[in-house]
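Working notes for the structure below.
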Amino acid sequence: MKFGLFHSVQLPDPTREQKYYQEALDQVLWAEQLGYDSVWFTEHHFSRHGVVSATLSVLAYLAGITSTIRLGTAVTVLPFHNPIQIAEEAATVDLLSNGRLDLGIGRGYQWGEYNKLNIAMDEADRRFREATDVLIRAWTSKEPFDHVGEFWTFNDMTVHPKPVQTPHPPLWVAATSPSSMDRIAENGWNLMVGQGESFQKVAEQVDYFRTAVGEAGGDYEPGQVTVARAMYTAPNKQQVRQDAEVPFMWFKQTGNEVGAPPERRGELLPENFAEYRRRFSAEAAFDYEAMTENVILFGTPDKVAEKVELL
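One gets the working numbering by counting positions in the sequence shown from 1 and adding 64 to each.
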C-alpha cells in the first residue's frame, strides 16, 4: 500500500485564496520529505467547495519544486476540455516532472459546472469516451492523424511534446458502476474509488474490478486501485471531533449543494448519474458518528491504522 495526498483546496474564507493555495503547496513539499508516494489535485469550477480550476497548471508548478513525489489529477474532467489541449498540457507536465504524471480522468458530477459551461450533462459519457480516444491517439500516433467525431474534429494532427512515460502516462479513471469498471479493465487502465463510499462498498468495488481485470485477460495488482479518504488524527476521540467536525461538515455540505440543487436533483441529473443522486441524498443526511465508523479515517492513530487495514 502506498500513501498520497488529495487536495481540492476549499475556500471557507473567500478573502484568503492565496493563503489556502500556499498551504496546499507547502503540504506537498512536506509530504515528499516524509516519503509520500503521490499528490493528487481535483478540478472544480465556480464554487468555494474546490478552487483548483487549472489543475495541470498547478502540477506544472509542482514539477519544478519537487523531485520524487508523483503528481496526479483527480480528476481532469474531460467533457469540459478540448482533448488535444489536455494531451499537450499533460505531456508537458510529464516532461517537466521527468515522468511523474498520473492522469486521473472522469466525466465530472456537478450539474452546476455543466450548466455554467453550457454543456449538456446527458452528453457527459459520450464526450468522455471520445475525448479519451483522442487523448491516447494524440500521445501515441507516430504520424499525423485525422479525427471526425460527434464533438471534435481534427485534421492532420500532430501533438508535441510527447510524454516521457511510454506509451503514455498512467490513466486513472473515476468510476462507480460495473459497466465503467469493465471498460477500465478492458483497456488496462487504473481505477479511482470515490471518497464517499463505505469500507464495505469499497471492498465490493475492488472485488468486482479484480474479477473484471482477470476476465479481460489481465493480471490484477493492488496498485491498480486508488482510494481517497478524509483523514484526521488526534490523541483522543473528543479532540478529533472538536477539531475536525465543523470543517468536515462544511466540506460535505458545500459539495452536496454544488452537485445539484437538492430540490431539483431528480430533474437535473440524467439517469446515468443515478449513483450520484444516491450519494448526494445520503450525504445530505450526514451523520458524523456513522461516517467516522464506516467511511472517513478520523480517530486516534491506532484507530485510523485499524481502518486503513480494512482498505
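We put the CB at the ideal spot given by N, CA and C, even for glycine. All values derive from a computational prediction rather than experimental measurement.
Determine, using beta-carbon pairs with one atom in the segment 177-186 and one in the segment 218-235, whether at least three such pairs fall under 8 Å.
The answer is no - the segment 218-235 does not touch the segment 177-186, with fewer than three Cβ pairs under 8 Å.
Per-residue burial, K316 [other beta carbons within 10 Å of its own, 16 or more giving buried]:
Counted from its first residue, the sequence shown places residue 316 at position 252. By the 10 Å Cβ count, K316 comes out buried.
Say whether the segment 130-144 touches the segment 90-104, bearing in mind that this needs 3 or more beta-carbon pairs closer than 8 Å, one atom from each stretch.
Touching, yes.
Please look up how many angstroms separate the CB atoms of V322 and S111, rounded, as I've assumed it's under 8 Å.
Here residue 322 refers to the residue found at position 258 when the sequence shown is read from its first residue. Here residue 111 refers to the residue found at position 47 when the sequence shown is read from its first residue. Contact flag correct, Cβ pair sits at about 4 Å.
So is K301 buried or exposed if we call it buried at 16+ other beta carbons inside 10 Å?
For the purposes of this step, residue 301 is taken as the residue at position 237 of the sequence shown. The residue is exposed, with fewer than 16 neighbouring Cβ atoms inside 10 Å.
Just how far apart, CA to CA, sit A188 and Q91?
Within the sequence shown, residue 188 is the residue found at index 124, counting from 1. Within the sequence shown, residue 91 is the residue found at index 27, counting from 1. A188 and Q91: Cα-Cα distance of roughly 33 Å.
Could you tell me the distance, in whole angstroms, from the CA atom of A376 to the CA atom of D158?
It is not possible to answer for residue 376, since the shown part of the chain is limited to 65 through 375.
With a threshold of 6 Å on Cβ separation, who are the neighbours of R191 within its own chain once the five nearest residues in sequence on each side are excluded?
What you label residue 191 is simply residue 127 of the sequence shown in a count that begins at 1. Taken in chain order, the residues that qualify are P143 and F215.
Cβ-based neighbour list, I248, same chain, cut-off 8 Å, excluding 5 preceding and 5 following
By one-based count along the sequence shown, residue 248 stands at place 184. Excluding positions up to five away in sequence, the list reads V237, A239, N254, L255, F273 and A276.
Starting from S102, follow the beta strand (DSSP E) in both directions and report where the run begins and ends.
Numbered from 1 along the sequence shown, position 38 holds the residue referred to as residue 102. Where S102 is concerned, the enclosing beta strand (DSSP E) stretches over S102 to F105.
Does the distance from the CB of A280 to the CB of F362 come in under 7 Å?
For the purposes of this step, residue 280 is taken as the residue at position 216 of the sequence shown. For the purposes of this step, residue 362 is taken as the residue at position 298 of the sequence shown. Taking 7 Å as the Cβ cut-off, A280 and F362 do not qualify as a contacting pair.
For N254, list the residues DSSP reports as bridge partners.
What you label residue 254 is simply residue 190 of the sequence shown in a count that begins at 1. For N254, which the question treats as bridged, DSSP gives the partners W236.
Backbone secondary structure at R134 - three-state DSSP
Within the sequence shown, the letter at position 70 stands for residue 134. In the structure shown, R134 sits in a strand (DSSP, three-state: E or B).
Mind checking which residues open and close the beta strand (DSSP E) that includes Y296?
Position 232 of the sequence shown, counted from the start, is the residue given in the question as residue 296. Taken as a continuous stretch (DSSP letters only), the beta strand (DSSP E) holding Y296 covers M295 to T297.
Given a cut-off of 7 Å on the beta-carbon distance, is the pair A298 and Q259 in contact?
For the purposes of this step, residue 298 is identified with residue 234 of the sequence shown, where counting begins at 1. For the purposes of this step, residue 259 is identified with residue 195 of the sequence shown, where counting begins at 1. No, they are not a contact pair.
Looking at the unbroken alpha helix (DSSP H) that takes in I129, where does it start and where does it end?
One-based indexing of the sequence shown puts residue 129 at position 65. Looking at the DSSP string, the run of the alpha helix (DSSP H) that includes I129 is T119 to I129.
Rounded straight-line distance, which links the Cα of Y85 to that of P286:
Start at 1 with the first residue of the sequence shown, and residue 286 comes out as number 222. Start at 1 with the first residue of the sequence shown, and residue 85 comes out as number 21. Rounded to the nearest angstrom, the gap between the Cα atoms of P286 and Y85 is 32 Å.
Where does D90 fall in DSSP's three states?
In the sequence shown, the residue the question calls residue 90 occupies position 26. Three-state DSSP puts D90 in a helix.
Which residues bound the beta strand (DSSP E) around V291?
Position 227 of the sequence shown, counted from the first residue, corresponds to residue 291. Here the beta strand (DSSP E) through V291 covers V289 to V291.
Give the DSSP bridge partners of H211, in chain order.
Numbered from its first residue, the sequence shown carries residue 211 at position 147. DSSP lists F218 as the beta-bridge partner residues of H211.
With burial defined as no fewer than 16 other Cβ atoms inside 10 Å of the residue's Cβ, what is the status of H108: buried or exposed?
Along the sequence shown, one-based indexing puts residue 108 at 44. The residue is buried, with at least 16 neighbouring Cβ atoms inside 10 Å.
Need the endpoints of the alpha helix (DSSP H) that D366 sits in, please.
Position 302 of the sequence shown, counting from 1, holds the residue named residue 366. Its alpha helix (DSSP H) spans residues P365 to L374.
Let me confirm a value: E87 is counted as buried when at least 16 other C-beta atoms fall within 10 Å, else exposed. Which label applies?
As a first step, residue 87 must be located in the sequence shown, where it is residue number 23. Exposed: under 16 other Cβ atoms inside 10 Å.
Beta-carbon spacing of V223, E152 below 7 Å:
The residue labelled residue 223 in the question sits at position 159 within the sequence shown. The residue labelled residue 152 in the question sits at position 88 within the sequence shown. Yes.
Between R80 and the rest of its own chain, which residues show a CB-CB distance below 7 Å, the 5 nearest in sequence each way excluded?
Taking the sequence shown and counting its residues from 1, the one referred to as residue 80 is at position 16. Cβ neighbours of R80 beyond the five flanking positions: none.
Considering only the beta carbon of each residue, do A155 and L167 sit closer than 7 Å?
As a position in the sequence shown, residue 155 is number 91, starting the count at 1. As a position in the sequence shown, residue 167 is number 103, starting the count at 1. Their beta carbons are not under 7 Å apart, which means A155 does not touch L167 by this criterion.
Exposed unless 16 or more other CB atoms sit within 10 angstroms - verdict on M65
In the sequence shown, counting from the first residue as 1, residue 65 sits at position 1. Label assigned to M65: exposed.
Residue range of the unbroken alpha helix (DSSP H) whose run includes F273:
For this step, residue 273 is matched to residue 209 along the sequence shown. F263 to E279 is the extent of the alpha helix (DSSP H) around F273.
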